[in-house]
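**Q** Using the UniProt record's numbering, the first residue of the sequence shown is number 1, and each one after it goes up by one.
Ideal Cβ placement from N, Cα and C applies to all residues, glycine included.
Quick one: the structure is below, and I'll ask about it shortly.
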Amino acid sequence: MSSLSSSPVASTTTGSIYSIPNNCIYLVEIIFYAIFLSYTTFLLFRKGRKNAHGWVSLTIFSVMKIAGSAMLLSVAATEHKGDVPSTGLITAGLILSSIALGPLENAGLAFISQG
1 MSSLSSSPVA STTTGSIYSI PNNCIYLVEI IFYAIFLSYT TFLLFRKGRK
51 NAHGWVSLTI FSVMKIAGSA MLLSVAATEH KGDVPSTGLI TAGLILSSIA
101 LGPLENAGLA FISQG
């Protein structure tokens with residue numbers, strides 16, 4: 001039971017899974033970055049290989065944010081059912097959500113250098 005209380009996602013057994021604010025944030029992040037991913041993928045193919053470095057980094061950033069939020073939403077759904085979520089899933093979700101800033105900084109530097 002101690003792993004349930006140390007989870008980054010709040011747990012409840014009553015109400016909807018989306019009644020907890022953190023869970024709504026994960027869902028909104030998935031929707032937002034899915035739209036952002038489609039836009040960056042379109043621009044990646046439109047700009048061609050010469051100017052693709054920044055768009056590749058933004059595409060990787062979007063995929064990492066979507067994957068991290070989906071993993072944390074899965075943890076929330078598992079807790080909502082009353083099961084104990086996988087520690088590996090929690091760890092992977094938190095790492096993907098926080099490490100995604102690297103590609104964002106890389107994309108910023110790529111756009112500045114093209115300037």
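For residue 36, which residues from the same chain have a beta carbon less than 7 angstroms from its beta carbon, with the 5 sequence-adjacent residues on both sides left out?
**A** Counting from one through the sequence shown, the residue named residue 36 turns up at place 36. Once the five neighbours on either side are set aside, the close Cβ partners of residue 36 are 62.
**Q** To the nearest angstrom, how far is it from the Cα of residue 78 to the Cα of residue 89?
**A** Counting from one through the sequence shown, the residue named residue 78 turns up at place 78. Counting from one through the sequence shown, the residue named residue 89 turns up at place 89. The straight-line gap from Cα to Cα measures roughly 11 angstroms.
**Q** Let me know the secondary structure DSSP gives residue 97 once reduced to three states.
**A** Locating residue 97 in the sequence shown gives position 97, where the first residue counts as 1. Correct three-state label for residue 97: helix.
**Q** Please look up how many angstroms separate the CB atoms of residue 64 and residue 99, rounded, as I've assumed it's under 8 angstroms.
**A** Within the sequence shown, the letter at position 64 stands for residue 64. Within the sequence shown, the letter at position 99 stands for residue 99. Right, their Cβ atoms sit about 7 angstroms apart.
**Q** So, at 8 angstroms on beta carbons, what are the nonlocal neighbours of residue 59 in its own chain, with the 5 sequence-adjacent residues on each side left out?
**A** The sequence position of residue 59 within the sequence shown is 59, counting from 1. Only 37, 40, 41, 44 meet the Cβ criterion.
**Q** Which residue comes first and which comes last in the alpha helix (DSSP H) that contains residue 65?
**A** Locating residue 65 in the sequence shown gives position 65, counting from the first residue. Per DSSP, residue 65 belongs to the alpha helix (DSSP H) from 53–80.
**Q** Would you kindly report the start and end of the unbroken alpha helix (DSSP H) that includes residue 28?
**A** Stepping through the sequence shown from its first residue, residue 28 is reached at position 28. Residue 28 -> alpha helix (DSSP H) spans 21–47.
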